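Enquirer: Provided herewith is a single structure, encoded as structure tokens, for subsequent inquiry.
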Amino acid sequence: MIVKPLSCAKKGTTVHIQSIKNCCNCKLHLEEMGFIPGTPIRICYCCKKGSLVVTVRGGKVMLGEEMAKQIMVV
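75 is the number of the first residue of the sequence shown in the working numbering; add one for each residue after it.
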């Protein structure tokens with residue numbers, strides 16, 4: 075398994091959260107939104123500026139590039 079940041083995932087793929095880096099309280103914020111290790115995430119849309127729209131736990135969420143870099147996936 076290759077662990078990489080969510081920001082490197084491609085549109086249309088489904089990945090699973092491996093871990094979340096602990097930085098600037100974003101870890102707690104992401105966990106509250108449903109980004110828990112082991113949870114599958116589907117990449118719906120990748121914006122040119124690095125933002126992503128993902129489906130997690132039945133809801134769609136838009137993440138900025140910096141936050142997506144904190145989520146490590148396989």
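The beta-carbon is built from N, C-alpha and C at its ideal position, and this holds for glycine as well.
As the structure is a prediction and not an experimental result, all values here were calculated from the model.
Just curious, the alpha helix (DSSP H) that L137 is in, first and last residue?
Expert: It is not in any alpha helix (DSSP H) - L137 instead sits in the beta strand (DSSP E) that spans G133 to L137.
Enquirer: Under a three-way DSSP split, which group does M146 fall into?
Expert: If DSSP states are grouped into helix, strand and coil, M146 belongs with the strands.
Enquirer: Between the alpha carbons of L102 and M141, how many angstroms are there, rounded?
Expert: Taking the straight line joining both Cα atoms gives about 12 Å.
Enquirer: Would V127 pass as a contact of I91 if the rule is Cβ separation under 8 Å?
Expert: Cβ distance not < 8 Å, so V127 and I91 don't count as in contact.
Enquirer: Near I117, which residues of its chain fall below 7 Å by C-beta distance, leaving aside the five closest residues on each side in sequence?
Expert: Only A83, K84, K85, G86, T87, L126 and V128 meet the Cβ criterion.
Enquirer: Can you tell me where the alpha helix (DSSP H) holding C121 begins and where it ends?
Expert: It is not in any alpha helix (DSSP H) - C121 carries neither H nor E in the DSSP assignment.
Enquirer: DSSP on K78, reduced to helix/strand/coil?
Expert: Note: K78 maps to strand in three-state DSSP.
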